[in-house]
Amino acid sequence: MAFVEPISIKEAIENIHQKKYLLPAIQREFVWDTYQIERLFDSLMRDYPISSFLFWEVDGENKKSYQFYEFVREYHERDHRHNPKADVRGESDITAILDGQQRLTSIYIGLKGTYAFKMPRKRWDNDTAFPKRKLHLNLLTPSDDDDLEYNFKFLTPHEAQKKDADNFWFAVGDILNLTEEYEVNDYLIENDIQTFEKEKYRFANKTLYKLHAVVHKNKSINFFLEKDESLDKVLNIFIRVNSGGTQLSYSDLLLSIATAQWKEKDAREEITTFVDEINAIGNGFNFNKDFVLKSCLVLSGFKDIAFKVDNFNQENMLKIENDWESISKAIKSSALLIASLGYHRETLTSNNALIPISLYLMKIVCPDNFIESHNYKDKRNLIFKWLIAVLLKRIFSGQPDNVLRPIRDIINNGNDEFPYEAIAGKLKGTNKALNFNDDEIENLLLYQYGQAYTFSSLALIYPSLDFRNKFHQDHIFPKKIFTQKKLEKAGIPSDDIEFYLDNYNCLANLQLLEGVQNQEKSGQPFDTWLQEKYPRDIDRKAFMERHYIPDIDLSLQNFRQFITERKKKLKAEFERLLK
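Using the numbering used here, read the sequence shown as starting at 350 and increasing by one per residue.
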């Protein structure tokens, strides 16, 4: 390994742009956020060292033996997080980045790319929630962050247009077009920067000249060059150097090792593509590489399922590769199943809960019609009951391996039925027991509208619903009624208004209602809607029984008694089901 003469940022960016710099498959993906990128540029402007880089020179012949990826250029938090595969055909050598990918990608995005992250309070499936942003530098004022000197920000085109006495946003990538120093001064003149007050003009002049020097003149990219072609040696170097910065997570490291050891398939491409695929099921999930790799360890039958390098030896990795088709099918089937049961990224509170379901489905060689066929209804109901219980009891929190191991043994040693009772019996008397005590049942009643565990609590008392239909968490007494002004107008006594506002979102005022019914119900007073929807007494009584509605006055004025009586009904049902 040799230390090579440093190069400028402009040279490094051109090498990335021309695909001379690539990433080996053992590299993790880009994980830096916008603040880390802004902080990196601030460090460069202040002449702070940004550490050395480690490059790996691969000649034209040997590069065919490995898989390489391009740098991310237009980062999108939802749609474009993965590195595209590189086409390395041809005889020219390439340089692979062993250490420094996060910094180099950040510099490239800051100068040539964009960064799209979700705006707050907008839905994940809303395309407009992810506007493209470019890195900008305020030429007039320094940063108001005590830890930074220069005001770098990722801005949308609209945000960047803001100009006033304190703001003039320069698109950082435009510095690449100012190749000569005199062009910096021309830019300042053409944009009337000299018309600002003297101190701000001086700051702008100094700042833009400094940025020009940082990109074009300074030799900031200091690197060592490794020329050894041995993958084992390169892997060891890679593991050693990836211990600082945004640390290489265990799943990144283990995926790197799997990628190096799989023979026929590209582990990185297979697993990252698969994660995207299962996350797109139903209303979307939040699975990650950790979940898939842990599932591989459990479903492949290894005695030790801990996340450690020793378990990702060549023998184990080849077994996972051979089993990958059945493992991935089982995981996808379990995700499709729980999506059909109404779960999604906001309500599935533990991804690990899917691993036993996946193991069971793999064992029974999950039929293609498992989710729809009436023949498997009892099996689905047992899985649903078990899933709700383990989520509400949070049995996979802490050290999930201690729960996954005994559950795996029970499933493997059982018959074709999902072994709910056997699992409950095995865990009885431990801190992971599936039975609920009085305090835990009382706590279920404290969940509120929109909270992660609310759906599981409600789903427990609606075992007969077909969740393949779209069910909504519905406020029995409509949410829109509960404002101070509307309650006063409705004649609610001032002493009661606080109770109304404190309880309208609680579990006792929630039900699961089909989407169509929920839209029909809209903001109507509940007693009015109920009478109009079910004019026949027998139908109305049946609805009330299904939804645990107490047979009392259901007007808004009687909301306090309604909450009290419905809590009693829900508690009694929880006790019947869980104790």
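Backbone N, C-alpha and C define an ideal beta-carbon position, used for all residues, glycine too.
Look at the Cβ atom of residue i, then the Cβ atom of residue j, and state whether they are nearer than 8 angstroms.
i      : j      : result
Lys368 : Glu419 : yes
Leu862 : His821 : yes
Asp442 : Phe402 : no
Ile737 : Ala801 : no
Thr803 : Leu856 : yes
Leu836 : Arg757 : no
Lys760 : Ser605 : According to the sequence as given, residue 760 is Ile; it is not Lys. It is not a contact, given that the beta carbons lie outside the stated cut-off.
Arg422 : Lys461 : yes
Ala688 : Gly631 : yes
Lys566 : Ser805 : no
Tyr798 : Asn764 : no
Ser682 : Phe719 : yes
Phe656 : Lys643 : yes
Asp845 : Arg925 : no
Leu646 : Asn660 : yes
For residue i, which three-state DSSP category applies?
i      : result
Gln376 : coil
Thr383 : helix
Phe572 : strand
Ile458 : helix
Ile737 : helix
Ile772 : helix
Val353 : strand
Val641 : helix
Tyr550 : helix
Asp765 : coil
Arg754 : helix
Leu862 : strand
Asp513 : strand
Phe875 : helix
Phe417 : strand
Lys559 : helix
Gly594 : Any reading at Gly594 must be qualified, since the residue scores a pLDDT of 43, below 50, and its modelled position is unreliable; no value is offered.
Please find out if some non-hydrogen atom of the ligand FAD comes closer than 7 angstroms to the beta-carbon of residue i.
i      : result
Asn784 : With respect to the ligand FAD, the structure shown offers nothing to examine, as it has no ligands at all.
Per DSSP, which one or two residues make a beta bridge with residue i?
i      : result
Thr490 : Answer is none; Thr490 lacks a bridge partner.
Ala445 : Leu371, Trp405
Trp518 : Asn487
Phe503 : Leu484
Glu465 : Residue 465 is actually Ala in this sequence, not Glu. According to DSSP, Ala465 bridges with His425.
Phe745 : Note: Phe745 sits in no beta bridge, so no partner.
Lys434 : Tyr418
Any beta-carbon of chain D closer than 8 angstroms to the one on residue i?
i      : result
Asn792 : The question asks about chain D, but that chain is absent: this structure has only one protein chain.
Worksheet item: Going along the chain, which unbroken runs of the beta strand (DSSP E) with 3 or more residues stay wholly within the region 792 to 829?
Response: 820 to 824
*the region 674 to 681 in contact with the region 699 to 715 per 3-pair CB rule at 8 angstroms*: yes
Sufficient close CB pairs (3 or more, under 8 angstroms) joining the region 744 to 757 to the region 689 to 709: yes
Should the region 826 to 842 be called in touch with the region 888 to 906, which here means at least 3 C-beta pairs below 8 angstroms? yes
Could you tell me whether the region 518 to 535 touches the region 555 to 563, using the rule of 3 or more Cβ pairs below 8 angstroms?
yes
| task | Specify whether the region 480 to 492 and the region 382 to 391 touch according to this definition: at least 3 beta carbon pairs, one from each stretch, less than 8 angstroms apart. | result | yes
Sequence ranges, alpha helix (DSSP H) only - wholly within the region 681 to 715, length at least 4:
703 to 712
Check whether the region 625 to 638 and the region 723 to 741 touch, using three or more Cβ-Cβ pairs below 8 angstroms as the test.
no
Give a yes or no on contact between the region 431 to 441 and the region 469 to 481, applying the rule of three or more CB pairs nearer than 8 angstroms. no
- Do the region 780 to 795 and the region 908 to 927 make contact, defined as three or more Cβ pairs closer than 8 angstroms? yes
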